[in-house]
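With the numbering used here, letter number 18 in the sequence shown gets 1028, and the count goes up by one each step, no holes.
See structure below.
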Amino acid sequence: MAENTKDSKLFSEFPPVTTEQWEAVIQQDLKGADYDKKLVWKTMEGFNVRPYYRAEDLKKLQNTNVYPGSFPFVRGNSSKNNAWLIRQDFDACNPTEANAKALKGIERGLTAVGFVICDKCEPNAEGLSTLLKGIDLSKVEVNFIAGGISRRVMPLFIEKAKAAGVNVAEVKASFDYSPLTSLSLKGKFCKDAETSFAHVKEVVEMSRALPNLKVVSANGAIFQNSGATAVQELAFALSMANEYMAKLTDMGIDAEEAANRMKFTFAVGASYFMEIAKFRAARMLWAKIADAYGVRNSTMCIHAETSEWNMTVYDPYVNMLRTTTESMSAVIAGVHSLTVHPFDKPYQQATAFSERIARNQQLLLKEEVYLDKVVDPSAGSYYIETLTASVAENAWNLFNQVEAKGGYTKAFMEGFIQNEIKTVAAKRDSNIVNRRETVLGTNQYPNFTEVADLKVVTKDTFKRGCTCGCENANAVAEPLAPYRGAMTMEALRFRTDASGRRPKAFMLALGNLAFRRARAQFSCNFFACAGFEVIDNIGFKSIDEGLKAAMDAKSDIVVICSSDDEYATLAPEAFQKLGDKAIFVVAGEPVCKPELEAAGIKNFISVKSNLLETLRGYQEKLGL
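Printed below as a string of structure tokens:
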């Protein structure tokens, strides 16, 4: 063996292995199985991901040698560290309460706060002073989620900042003024298009008093939360931003000023590496767009928030796991700021406990995982670099499709954007109800004993789109309909909970131990997804013993769990003896299914079953 010195290459004594050699071994291991079907991931984003990548794949890519902080900023905006702002948003309808929550959060680690100001609020100088009392504007970024009301709040905030006794250059703040977001969610502009874009120019001019005030929002989160892919979210957000750039420059605003007044908001989806790639690709593509306007060094200010689409009402503590991995994706990718939604957001106002947990998730990533120390730790990863390039390419192609239709407004009015998202959302919905995509606690491994608190959870909890009751009055285009992916399955379970009764599904486990246990576990998970009480059993010595136990338990459904070979004799006998005392179900799709159907057995459940339709059928049979 060669002598190992500090200058010698690791594993230099081993001969290199070519891609062809790797592929030959893989084909041998597959034993004739289709390579693409077994190993290639066909993503929702519209491109395929191979099972492995090598150094040679990087030779095909651009920007792999770019330094952090350098154009096109694929590796981040800073060359020094990966620091991000830890942000939480608070309802500002009661300024005193919101201020108290904000101050408490700042004491416990927040470096940015957001204040949600609803349409019914009447902003005034006194209320804003109360809201900002005790907040050091030179140390804490203040963000206003105010929509159209931003135009009324902004001058009040600017005057407050000027009078705060701090250097205005140190004040970092933002408003989410975005007529295109209103168009997307309401199907119309608050005013007409011309007036709306004139107001965008107005807020940009107003913001000049504070050098680091962002006032124009390109909100990609609304797409992701409506079921869009990472590619769609990125492409449509960029199209939004490009339209603002085009309108503002046409109205005489300098391109650099327009770009620097813009802030992007993205939701962080569940696909860990895809989301890292999305943020890296976003900076690269925005740099490309800004460069087209003559702005070479415009960095993309990205605020990320954990996905609402991924959150669930049932088994809500799992939301903590979801938001933690989502947060890691965003932070590793190098976002400006991050909001972690409290785990109970889907069904109630956040509690002090849920807000603390959400805040601490980020603090742990910073103080214990040290994710703020290393700039772009994913750089050089063959997989992530290739994924970044694929996301960028596909998002750019979709962006150009929107531009070919005349830009964001025209494409939205035409229905192109909505239809693109609805097509993907329908596919994702189908994957959930067929369990091709797992939503833990909802369509797989539900909490067997959980029952919704009907004082907190209502039918509106599972309603798609706007829940304010306006029904998008006077809409001129179809609005987006934000929802959660779990909603349809949750509504099914809620139907059981709201009925006031829990049907019992009894596992009649017989015969082969391995098969009966596997099928009993599958069946328990299956029926528990609808909120049914499941009664699992290790096994019975005879059909009579099992049926007696089922009747003693007052079971509504009896599921026979056994092997395919044993079903041929056990199932007909159990079916005949049970009669009409309960619904008889066979777990699996046995070869003898035609014979069982001929004997009168009609109910079968398996991995091929449509979870939603099948369980709805049992609810109807049971009168729920």
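All C-beta atoms in this analysis are idealised placements derived from N, C-alpha and C, irrespective of residue type, glycine included.
Computed from a predicted model, the values in this text were never measured in an experiment.
Check, Outcome
"Can you tell me whether residue 1329 is helix, strand or coil according to DSSP?", "helix"
"Please specify which runs of the alpha helix (DSSP H), each continuous and at least 4 residues long, are wholly inside the region 1324-1406, giving them in chain order.", "1328-1343, 1362-1377"
"Using the C-alpha atoms, what's the distance from residue 1388 back to residue 1281?", "15 angstroms"
"Quick check: what's the CA-CA separation for residue 1373 versus residue 1355?", "20 angstroms"
"How many angstroms separate the CA atom of residue 1635 from the CA atom of residue 1520?", "Residue 1635 cannot be examined here, being either before or after the span of the chain that is shown, 1011 to 1634."
"Whose C-alpha, out of 1474, 1268, 1560, is nearest the C-alpha of residue 1296?", "1268"
"Can you tell me the Cβ-Cβ gap for residue 1499 and residue 1453, rounded? I've got them flagged as a contact below 8 angstroms.", "5 angstroms"
"Thinking C-alpha only, which one of 1099, 1497, 1292 is nearest residue 1235?", "1497"
"Going straight from the alpha carbon of residue 1188 to that of residue 1256, what length do you get?", "14 angstroms"
"Looking at C-beta atoms only, is the number of pairs between the region 1586-1606 and the region 1555-1567 that lie closer than 8 angstroms three or more?", "yes"
"Can you find the residues in the same chain that come closer than 8 angstroms, C-beta to C-beta, to residue 1367, ignoring five residues on each side of it along the sequence?", "1330, 1352, 1353"
"Here's the rule: buried if 16 or more other CB atoms are within 10 angstroms of the residue's CB, otherwise exposed. What is residue 1028?", "exposed"
"Over what stretch of residues does the alpha helix (DSSP H) that includes residue 1072 continue unbroken?", "Careful: residue 1072 lies outside any alpha helix (DSSP H) and carries neither H nor E."
"Considering only their Cβ atoms, is the gap separating residue 1301 from residue 1460 smaller than 8 angstroms?", "no"
"What alpha helix (DSSP H) runs, 4 residues minimum, are completely inside the region 1544-1584?", "1553-1562"
"Span of the alpha helix (DSSP H) holding residue 1294?", "1282-1302"
"To the nearest whole angstrom, what separates the beta carbons of residue 1158 and residue 1186, a pair I think is in contact under 8 angstroms?", "Between residue 1186 and residue 1158 the Cβ distance is about 10 angstroms, and since that is not below 8 angstroms, they are no contact."
"Looking at residue 1276: is its Cβ nearer than 8 angstroms to the Cβ of residue 1247?", "yes"
"Is the beta carbon of residue 1401 less than 8 angstroms from the beta carbon of residue 1515?", "no"
"Can you give me the start and stop residues for the beta strand (DSSP E) that residue 1101 sits inside?", "1095-1101"
"So who's on the other strand from residue 1116, going by DSSP bridges?", "Bridge partners of residue 1116: none, in fact."
"Can you look up residue 1502 in the DSSP assignment and give me helix, strand or coil?", "helix"
"Residue 1089 by DSSP, collapsed to three states: which one?", "coil"
"Name the DSSP bridge partner or partners of residue 1651?", "With the chain represented from 1011 up to 1634, any question about residue 1651 goes unanswered, as that position is not in the structure."
"Only counting the same chain, and skipping five residues up and downstream in sequence, which positions put a Cβ closer than 7 angstroms to that of residue 1553?", "1520, 1580, 1583, 1584, 1587"
"So what does residue 1124 bridge to, in DSSP terms?", "1099, 1153"
"Can you grab the Cα-Cα spacing for the pair residue 1286 / residue 1292, in whole Å?", "10 angstroms"
"Within 8 angstroms, do at least three Cβ pairs link the region 1103-1116 to the region 1162-1172?", "no"
"Using alpha carbons as the reference points, say which of 1057, 1177, 1144, 1311 lies closest to residue 1225.", "1311"
"Under three-state DSSP, which class holds residue 1452?", "coil"
"On a Cα-Cα basis, can you pick out the residue from 1457, 1046, 1073, 1153 that is closest to residue 1098?", "1153"
"Measuring straight from C-alpha to C-alpha, what distance separates residue 1625 and residue 1450?", "18 angstroms"
"On a Cα-Cα basis, can you pick out the residue from 1132, 1195, 1525, 1631 that is closest to residue 1574?", "1525"
"In this structure, does DSSP put residue 1111 in helix, strand or coil?", "helix"
"Sort out for me which residues DSSP pairs residue 1187 with in a bridge.", "1226"
"Under three-state DSSP, which class holds residue 1054?", "coil"
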